[in-house]
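Heads up: the sequence shown is residues 0 to 272, going by numbering that gives the first Met the number 0. What follows is a set of notes on a single structure, which appears directly below.
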Amino acid sequence: MNKITEIAAELLAALDHGKTIPSVAERNPGFGWDEGYDIAAEIVKLRRARGEKTVGRKIGFTNRNIWPEYGATSPIWAHVYDDTLIFAEDNAATVSLKGSARPKLEPEIAFKLRAPLPTGCRDPALILEAIEWLAPSFEIVDCHFADWKFLPADAAADFSLHWRLIVGTPYRPRLDEITNINNMLRDCRVALLKNGRVMDRGVGANALDHPALALAFLADIVARQTQFTAPAAGEIITTGTLTAALSIKPGETWSSHYEGLSGVSGLTVQFAD
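The following block contains the structure:
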């Protein structure tokens with residue numbers, strides 16, 4: 000077993016058992032982004048081999064406001080799987096936190112692709128022509144390093160911190176709505192509430208200045224990573240937190256409320272053991 004396979008198996012075991020492990024980067028001098036994503040690619044192989052199916056991607060650390068808290072230096076990405084994706088009926092769901100280590104919640108905006116994403120594109124309106132729908136989403140992120148302390152490349156290896164993705168009711172914009180939706184995505188506001196109390200607020204522009212530019216980041220980085228396939232039609236992609244990521248526990252009810260984004264209201268999730 001080579002080092003990449005060994006570390007991938009170690010991280011997958013930590014995921015399966017909700018455990019933490021020592022920083023991979025600290026134990027392996029010279030460990031960087033290339034090695035982190037090589038481990039991520041090996042994890043995809045291992046998860047597919049045991050029957051899990053990739054159904055989309057998550058993009059993380061698009062909100063630069065939270066970089067100092069985590070020592071982040073770049074956005075990151077990872078796959079979403081059929082058993083980590085949850086559709087919230089009527090924008091409401093109950094989700095068990097069993098098996099998580101130190102979960103946190105992030106209100107995001109998710110997209111379903113109807114076509115491949117263009118590469119090298121910085122025009123959000125053109126990027127949005129590749130989407131079938133947008134929806135409110137919650138990502139539950141989790142960290143398999145103690146106290147959420149890790150080096151940047153650790154995060155890429157650690158599933159880019161993905162644990163669950165909860166997607167609300169989709170809104171399917173017409174092509175003649177793209178200009179308006181483009182502006183709304185940048186300027187929309189979101190509130191994150193715990194048990195009815197506002198805990199934080201954010202705006203669409205917190206995701207790399209525009210959620211569609213998070214999609215552009217994904218298209219461009221994957222184009223350079225030959226161990227992965229490009230995002231394809233049918234994939235669901237969530238574009239990063241618009242607020243701080245806040246710790247969650249069983250017994251709590253969390254909700255999001257979006258303003259200024261046509262067809263998107265918010266989600267309510269009850270967390271169980």
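In this text, a Cβ means the ideal position worked out from N, Cα and C, and glycines have one as well.
Just to confirm my understanding: we take residue i, look at its own chain, exclude 5 residues before and 5 after, and list those with CB closer than 6 Å. What are they?
| i | result |
| --- | --- |
| W76 | R56, I58, S159, L217 |
| E267 | As written in the sequence, residue 267 is Thr, which differs from the Glu given in the question. Once the five neighbours on either side are set aside, the close Cβ partners of T267 are A91, S254. |
| S73 | none |
| L116 | A129, L214, A218, P230 |
| I6 | V23, I38 |
| T168 | N90 |
| Q269 | T93, T252 |
| V197 | A190 |
| P172 | I180 |
Given a threshold of 16 other Cβ atoms within 10 Å of its Cβ, counted over all protein chains shown, does residue i qualify as buried or as exposed?
| i | result |
| --- | --- |
| V221 | buried |
| H16 | exposed |
| S246 | exposed |
| L174 | exposed |
| V263 | buried |
| E138 | buried |
| V181 | Residue identity differs from the one stated: residue 181 is Asn in this sequence, not Val. Under this definition N181 is a buried residue. |
As a quick exercise: from the options, pick the residue whose alpha carbon is nearest that of residue i.
| i | options | result |
| --- | --- | --- |
| K103 | D146, R26, P172 | D146 |
| C187 | I3, K193, N205, V140 | N205 |
| G265 | I108, A13, D272, E41 | I108 |
| P106 | T237, E251, L260, S261 | T237 |
| G250 | R223, D175, V94 | V94 |
| A244 | D157, G195, H161, E131 | H161 |
| A190 | N181, V202, N179 | V202 |
| E68 | K148, L11, A87 | K148 |
| E234 | W132, M198, L11, Y257 | W132 |
| L11 | D157, R121, E25 | D157 |
| I177 | D199, D122, T225, T228 | D122 |
| R200 | N64, K2, P28, T228 | N64 |
| K248 | N194, K2, Y257, Q224 | N194 |
| Y257 | E25, S136, R26 | S136 |
| L212 | Q226, T228, F110, F227 | F110 |
Strictly by DSSP, which residues pair up with residue i?
| i | result |
| --- | --- |
| E138 | E105, L164 |
| F270 | V94 |
| K193 | R196, W253 |
| R188 | V202, E258 |
| T53 | Y80 |
| T61 | Answer by DSSP bridge pairing: none, since T61 is not bridged. |
| I30 | Per the sequence presented here, residue 30 reads as Phe, with Ile not at that position. Its beta-bridge partners do not exist; DSSP assigns none. |
| T19 | None; T19 has no bridge partner. |
| N66 | With the sequence shown as reference, residue 66 is identified as Trp, and Asn is not the correct amino acid for it. Answer is none; W66 lacks a bridge partner. |
| E88 | A91 |
| T240 | DSSP lists no partner for T240. |
| F110 | L133, I236 |
| Y170 | L133 |
| F144 | I20 |
Grab me the residues of residue i's own chain with a C-beta within less than 7 Å of its C-beta, minus the 5 sequence neighbours each way, in chain order.
| i | result |
| --- | --- |
| M183 | G259, L260, S261 |
| K97 | D272 |
| A155 | W32, G35, Y36, A39, I75 |
| D13 | With the sequence shown as reference, residue 13 is identified as Ala, and Asp is not the correct amino acid for it. Cβ neighbours of A13 beyond the five flanking positions: T19, I20, H143. |
| V43 | T53, H78 |
| N62 | N205, A206, G239, T240, L241 |
| P210 | I108, L184, G203, T238 |
If contacts are defined as beta-carbon pairs under 8 Å, then residue i and residue j qualify, I think. What distance do you get, rounded to the angstrom?
| i | j | result |
| --- | --- | --- |
| I126 | A8 | At roughly 36 Å, the Cβ-Cβ gap does not stay under 8 Å, so I126 and A8 are not in contact. |
| T19 | F144 | 6 Å |
| A134 | Y170 | 7 Å |
| A152 | F30 | 6 Å |
| L112 | A232 | 5 Å |
| T118 | H78 | Going by Cβ atoms, the distance from T118 to H78 rounds to 19 Å, so no, they are not a contact pair. |
| Y80 | R46 | 6 Å |
| D82 | E51 | 6 Å |
| E141 | A87 | Here the sequence assigns Asp to residue 141, which means Glu is not the residue at that position. With a Cβ gap of about 19 Å, D141 and A87 do not count as contacting. |
Which residues in the same chain have their Cβ closer than 8 Å to the Cβ of residue i, if we skip the five residues on either side of it in sequence?
| i | result |
| --- | --- |
| I275 | Because the chain here runs from 0 to 272, residue 275 falls outside it and cannot be looked at. |
| W66 | F60, T72 |
| C120 | I126, A215, A218 |
Could you check whether the Cβ of residue i sits closer than 8 Å to any heavy atom belonging to the ligand NAP?
| i | result |
| --- | --- |
| R171 | Among the ligands in the structure shown, none appear at all, so the ligand NAP cannot be discussed. |
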